[in-house]
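Colleague:
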Amino acid sequence: MIKTYKRAIQFGVMLWVIIFVVFSIILFLPPLQNKELLPHIILWILLLPITLGLTKWYFKAIEPTGKRGFQLGIIALLVGTFLDLTITQLFVPGTYQQFITSFYGDWKLYVGFAEILCITTIAGFEFDGTYSKDI
631 MIKTYKRAIQ FGVMLWVIIF VVFSIILFLP PLQNKELLPH IILWILLLPI TLGLTKWYFK
691 AIEPTGKRGF QLGIIALLVG TFLDLTITQL FVPGTYQQFI TSFYGDWKLY VGFAEILCIT
751 TIAGFEFDGT YSKDI
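For the sequence shown, the residue numbers in my numbering are 631 to 765.
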């Protein structure tokens, strides 16, 4: 049981690092600078293969179920939120309160949260023992 939580936390950290790097690159691409919605749309599209790949890695260790996929998504979101509050805020100008208001007041963040939770839940439901075993 503890091993699965440790692996879920590792999943959350890896997902956060990948999202942080990918979104940073997206934001610094010249054609996407000063665009409001387009960088988020690109991230949402890229979240599908990123999250599925990491979810596949997670379910190599335990039998996948929809419940476990949902739990994985919740743990990943909690880990990501903790890392955002401790690390991401260092890169955002202004006070900590301004960061909280602007970052967590943006509806686009919650679309990404919902997508991650849906992908991990559906992946847990769809991946059966056949897909998780090495052939």
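Just so you know, even glycine gets a beta-carbon here, dropped at the ideal spot from N, CA and C.
Check whether the Cβ atoms of isoleucine 680 and valine 722 lie closer than 9 Å to each other.
Modeller: Working through the sequence shown from its first residue, we reach residue 680 at position 50. Working through the sequence shown from its first residue, we reach residue 722 at position 92. It is not a contact, given that the beta carbons lie outside the stated cut-off.
Colleague: Quick check on the burial criterion: 16 or more other C-beta atoms within 10 angstroms. Buried or exposed for aspartate 714?
Modeller: In the sequence shown, residue 714 corresponds to position 84, counting from 1. It counts as buried.
Colleague: Rounded to a whole number of angstroms, what is the C-alpha to C-alpha distance between glycine 742 and serine 732?
Modeller: Indexing the sequence shown from 1 puts residue 742 at position 112. Indexing the sequence shown from 1 puts residue 732 at position 102. So the two alpha carbons sit approximately 16 Å from each other.
Colleague: What separation, rounded to the nearest whole angstrom, lies between the Cα atoms of valine 643 and valine 709?
Modeller: Taking the first residue of the sequence shown as 1, we reach residue 643 at position 13. Taking the first residue of the sequence shown as 1, we reach residue 709 at position 79. If I take the Cα positions, the gap works out to 7 Å.
Colleague: Excluding sequence positions up to five away, which residues of its chain have a Cβ less than 6 Å from the Cβ of alanine 638?
Modeller: On the sequence shown, residue 638 is found 8 positions in, with the first residue counted as 1. Contacts found: Leu702, Ile705.
Colleague: Thinking just about the alpha-carbon of each residue, which of Leu662, Trp674, Leu659, Lys665 is nearest to the one in isoleucine 649?
Modeller: Counting from 1 along the sequence shown, the entry for residue 649 is found at position 19. If we check each option's Cα against that of isoleucine 649, Trp674 comes out closest.
Colleague: In terms of residues, what are the limits of the alpha helix (DSSP H) holding phenylalanine 689?
Modeller: Numbered from its first residue, the sequence shown carries residue 689 at position 59. No alpha helix (DSSP H) holds phenylalanine 689; DSSP gives it neither H nor E.
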